[in-house]
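Residue numbers (numbering that gives the first Met the number 0): 0 to 346. Note that CB positions come from ideal geometry on N, CA and C, so glycine has one too.
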Amino acid sequence: MGPLASAPDDVLRDARADAEFTELGKLAVGGGPIGELTVAASAVIVSSYSDNAVAVIDADGLTVRAVVALGGEPVATAAADSRVYVGTTSASHDSVSVVDAQTGTIAATYPVDLGITAVAVSRDGRRIFAGRSGRGRADIAILDTAAGAVGAIDVAATPGVVVDTVRLSPEGRRLYAAVSDAHSSDLRVFDADAAGLIATVPIGSPIRDLAVSPDGGTAYVLVSHPRSGGLIDVVDTRANRVKTTIAIGGVPMQMTLNADGTRAYVVDRDDVLVICTVTQQIVATVRVGGPASSVAASPHGGRLYVADYCGAVTMVGVAPAKTVPLFGAIARELPRGAGVRELQPAV
Numbered sequence: 000m001g002p003l004a005s006a007p008d009d010v011l012r013d014a015r016a017d018a019e020f021t022e023l024g025k026l027a028v029g030g031g032p033i034g035e036l037t038v039a040a041s042a043v044i045v046s047s048y049s050d051n052a053v054a055v056i057d058a059d060g061l062t063v064r065a066v067v068a069l070g071g072e073p074v075a076t077a078a079a080d081s082r083v084y085v086g087t088t089s090a091s092h093d094s095v096s097v098v099d100a101q102t103g104t105i106a107a108t109y110p111v112d113l114g115i116t117a118v119a120v121s122r123d124g125r126r127i128f129a130g131r132s133g134r135g136r137a138d139i140a141i142l143d144t145a146a147g148a149v150g151a152i153d154v155a156a157t158p159g160v161v162v163d164t165v166r167l168s169p170e171g172r173r174l175y176a177a178v179s180d181a182h183s184s185d186l187r188v189f190d191a192d193a194a195g196l197i198a199t200v201p202i203g204s205p206i207r208d209l210a211v212s213p214d215g216g217t218a219y220v221l222v223s224h225p226r227s228g229g230l231i232d233v234v235d236t237r238a239n240r241v242k243t244t245i246a247i248g249g250v251p252m253q254m255t256l257n258a259d260g261t262r263a264y265v266v267d268r269d270d271v272l273v274i275c276t277v278t279q280q281i282v283a284t285v286r287v288g289g290p291a292s293s294v295a296a297s298p299h300g301g302r303l304y305v306a307d308y309c310g311a312v313t314m315v316g317v318a319p320a321k322t323v324p325l326f327g328a329i330a331r332e333l334p335r336g337a338g339v340r341e342l343q344p345a346v
């Protein structure tokens, strides 16, 4: 845990939805509680644990385009362009199904040995990374969709270790994995091309989610501390260390970033907390009238989609955030009394 950057108590305890966010519509999807929600192109893909299928929803009209049956229970999703990669598990086998969000059909299915726990995909869709656990070990399978080859990154050769989340850096060169056992957790940094370990960043508390900034310089690790509640460990990915920790409280379960990385959206029970990653403060709370389960931001940043355990998806409009001029932000960080010297006229 790094130095604590906490929001004021009144913000933490009574953060109100501000005018930046407006509910635009709600859709009762059906199929039971929604576990995963992913945006791909002009569609929103939602999966329900109790229903071996995903629903493809029109991102503008908030209507169901198609319901796609899967070969097992969906446990993890990742998007690349107009396709969503869905990790499924069943009593007979596990696999990654590729759902075309435009046609509402399965474009391909890749069998995976052991139990899938997490999924990430490269931007071009050529490489799929699937966290796996079973038979007393944990690893990350690498599926080359073009060559049909399968490799693996070893994570642990002991039972009880789980790869909870995997994320790729924007350029696809580094793979970040949240790894946990019964006692602790850490962030593993791998070379995605060489499949080798670069660094291990100790975290400690259970990791709930992980997001990487658009420039690849920062990883945000959402954790649930037994005493402090929700925290976000901010990791410098160049130094591979926690540089600060944002205290958010509550019981957070999932997190995503907006397109430019200036906002983190965190699911916390019935709410979605909005955190400014520049000031590291909670700036708003979005309430959707139900127990939230997952949140995703549109690629253009103008909308949020929030799924809940009642089986509904709420579309929220996002107005442009009020920004702080860079000079003002720097000036506020100057030591007390430092001041700013007045420029002298040129001679």
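With respect to 7 Å, is the separation between the Cβ of T261 and the closest non-hydrogen atom of the ligand GTP below this value?
Here there are no bound small molecules, and the ligand GTP is not part of this structure.
Using a Cβ-Cβ distance cut-off of 8 Å, determine whether I115 contacts chain D.
Here chain D cannot be found, since the structure has a single protein chain.
Helix, strand or coil: which one does DSSP assign to Q280?
As a position in the sequence shown, residue 280 is number 281, starting the count at 1. In this structure, Q280 counts as strand in the three-state DSSP scheme.
Applying the criterion that 16 or more other CB atoms from any shown protein chain within 10 Å of the CB defines a buried residue, is S183 buried or exposed?
Looking up residue 183 in the sequence shown gives position 184. Classification of S183: exposed, given that the 10 Å Cβ count is below 16.
For S223, which residues from the same chain have a beta carbon less than 7 Å from its beta carbon, with the 5 sequence-adjacent residues on both sides left out?
Here the question's residue 223 lines up with position 224 in the sequence shown. Here the set comprises S204, P205, R207, G229, V250 and P251.
Would you kindly report the start and end of the unbroken beta strand (DSSP E) that includes P73?
For the purposes of this step, residue 73 is taken as residue 74 along the sequence shown, with counting starting at 1. Unbroken beta strand (DSSP E) run through P73: E72 to A79.
Would you report the Cα separation of Q279 and D259, rounded to the nearest angstrom?
For the purposes of this step, residue 279 is taken as the residue at position 280 of the sequence shown. For the purposes of this step, residue 259 is taken as the residue at position 260 of the sequence shown. Those two C-alpha atoms are separated by around 15 Å.
I need the boundaries of the beta strand (DSSP E) containing Y264, first residue and last residue.
Residue 264 sits at position 265 when you count from the first residue of the sequence shown. Its beta strand (DSSP E) spans residues R262 to D267.
For P201, count neighbouring Cβ atoms within 10 angstroms of its own Cβ and tell me buried if that reaches 16, exposed if not.
Within the sequence shown, residue 201 is the residue found at index 202, counting from 1. That one is exposed.
Determine whether the beta carbon atoms of A111 and A129 lie at a separation below 8 Å.
Walking along the sequence shown from the start, residue 111 turns up at place 112. Walking along the sequence shown from the start, residue 129 turns up at place 130. It is worth fixing the name first, because residue 111 is Val in this sequence and not Ala. Yes, these two residues count as a Cβ contact at 8 Å.
Considering V388, what are the terminal residues of the beta strand (DSSP E) in which it resides?
As shown, the chain starts at 0 and ends at 346. That puts residue 388 outside it, with no answer to give.
What residue range does the beta strand (DSSP E) around A191 cover?
Taking the sequence shown and counting its residues from 1, one reaches residue 191 at position 192. Run containing A191: none; DSSP gives neither H nor E here.
Please say whether A52 and S81 have beta carbons closer to each other than 8 Å?
Indexing the sequence shown from 1 puts residue 81 at position 82. Indexing the sequence shown from 1 puts residue 52 at position 53. Result no, Cβ atoms of S81 and A52 do not sit closer than 8 Å.
Would you please state the rounded distance, in angstroms, between the beta carbons of V317 and G300? I believe it to be under 8 Å.
By one-based count along the sequence shown, residue 317 stands at place 318. By one-based count along the sequence shown, residue 300 stands at place 301. With 8 Å as the limit, V317 and G300 qualify as a contact, their Cβ atoms being about 6 Å apart.
In whole angstroms, what is the alpha-carbon distance linking N220 and V66?
For the purposes of this step, residue 220 is identified with residue 221 of the sequence shown, where counting begins at 1. For the purposes of this step, residue 66 is identified with residue 67 of the sequence shown, where counting begins at 1. Looking at the sequence itself, residue 220 is Val, so the reference to Asn does not match. Taking the straight line joining both Cα atoms gives about 32 Å.
From the DSSP secondary-structure annotation, give me the bridge partner or partners of M254.
Position 255 of the sequence shown, counted from the start, is the residue given in the question as residue 254. V265.
Please name the residue, chosen from G103, Q101 and P73, that lies closest to V95 on a Cα-to-Cα basis.
In the sequence shown, residue 95 corresponds to position 96, counting from 1. Minimum Cα distance to V95 is reached at P73.
Measure the beta-carbon distance from L196 to Y175 and round it to whole angstroms, keeping in mind my assumption that it falls under 8 Å.
In the sequence shown, the residue the question calls residue 196 occupies position 197. In the sequence shown, the residue the question calls residue 175 occupies position 176. No, L196 and Y175 are not in contact; Cβ-Cβ is about 12 Å, not under 8 Å.
Only counting the same chain, and skipping five residues up and downstream in sequence, which positions put a Cβ closer than 6 Å to that of V282?
For the purposes of this step, residue 282 is identified with residue 283 of the sequence shown, where counting begins at 1. Here the set comprises V273 and C275.
Within this structure, are the beta carbons of D143 and R126 separated by less than 8 Å?
For the purposes of this step, residue 143 is identified with residue 144 of the sequence shown, where counting begins at 1. For the purposes of this step, residue 126 is identified with residue 127 of the sequence shown, where counting begins at 1. For D143 and R126, yes; Cβs fall inside 8 Å.
If you compare alpha carbons, which of I245, G24 and G114 is closest to V161?
The residue given as residue 161 occupies position 162 in the sequence shown. The shortest C-alpha separation from V161 is found at G114.
Would DSSP call L221 helix, strand or coil?
Along the sequence shown, read from residue 1 onward, the residue named residue 221 stands at position 222. Strand at L221.
Output the distance between the C-alpha atoms of V83 and G248, rounded to the nearest integer angstrom.
As a position in the sequence shown, residue 83 is number 84, starting the count at 1. As a position in the sequence shown, residue 248 is number 249, starting the count at 1. The straight-line gap from Cα to Cα measures roughly 32 Å.
Of the residues V265, V277 and V271, which one's Cα is nearest the Cα of T243?
Taking the sequence shown and counting its residues from 1, one reaches residue 243 at position 244. It is V277.
Tell me whether E170 is buried or exposed, calling it buried when 16 or more other Cβ atoms sit within 10 Å of its Cβ.
In the sequence shown, residue 170 corresponds to position 171, counting from 1. Per the 10 Å Cβ criterion, exposed.
Leaving out the 5 sequence neighbours to the left and right, which residues in its chain are closer than 6 Å to V265 when beta-carbon positions are compared?
Looking up residue 265 in the sequence shown gives position 266. The answer, listed in chain order, is P251, M254 and L272.
What did DSSP end up calling Y84 once you bin it into helix, strand or coil?
The residue labelled residue 84 in the question sits at position 85 within the sequence shown. Strand.
Over the uninterrupted beta strand (DSSP E) stretch that includes I141, give me the two end residues.
To locate residue 141, count along the sequence shown from 1; it is residue 142. Run containing I141: R136 to D143, per the beta strand (DSSP E) assignment.
Go ahead and label R134 buried or exposed: buried means 16 or more other beta carbons lie within 10 angstroms of its beta carbon, across all protein chains shown.
What you label residue 134 is simply residue 135 of the sequence shown in a count that begins at 1. It counts as exposed.
To the nearest angstrom, how far is it from the Cα of D123 to the Cα of D99?
Translated into the one-based positions of the sequence shown, residue 123 becomes position 124. Translated into the one-based positions of the sequence shown, residue 99 becomes position 100. Roughly 14 Å between the two C-alpha positions.
Can you check which of these residues, E19, D57 and G71, is closest to L36 by C-alpha distance?
Locating residue 36 in the sequence shown gives position 37, counting from the first residue. Ranking the options by Cα distance to L36, first place goes to D57.
Run the CB neighbour count on A311, radius 10 Å, all protein chains shown included, and call it buried at 16 or more, exposed below.
Locating residue 311 in the sequence shown gives position 312, where the first residue counts as 1. When all chains shown are included, A311 counts as buried.
Using DSSP bridges, identify the partner residues of G316.
Locating residue 316 in the sequence shown gives position 317, where the first residue counts as 1. Paired residue(s): T21 and R302.
Taking DSSP as the reference, what is the three-state secondary structure of P110?
By 1-based counting over the sequence shown, the position of residue 110 is 111. In the structure shown, P110 sits in a strand (DSSP, three-state: E or B).
Is it true that the CB of V38 sits closer than 8 Å to the CB of A78?
Stepping through the sequence shown from its first residue, residue 78 is reached at position 79. Stepping through the sequence shown from its first residue, residue 38 is reached at position 39. Cβ atoms of A78 and V38: closer than 8 Å.
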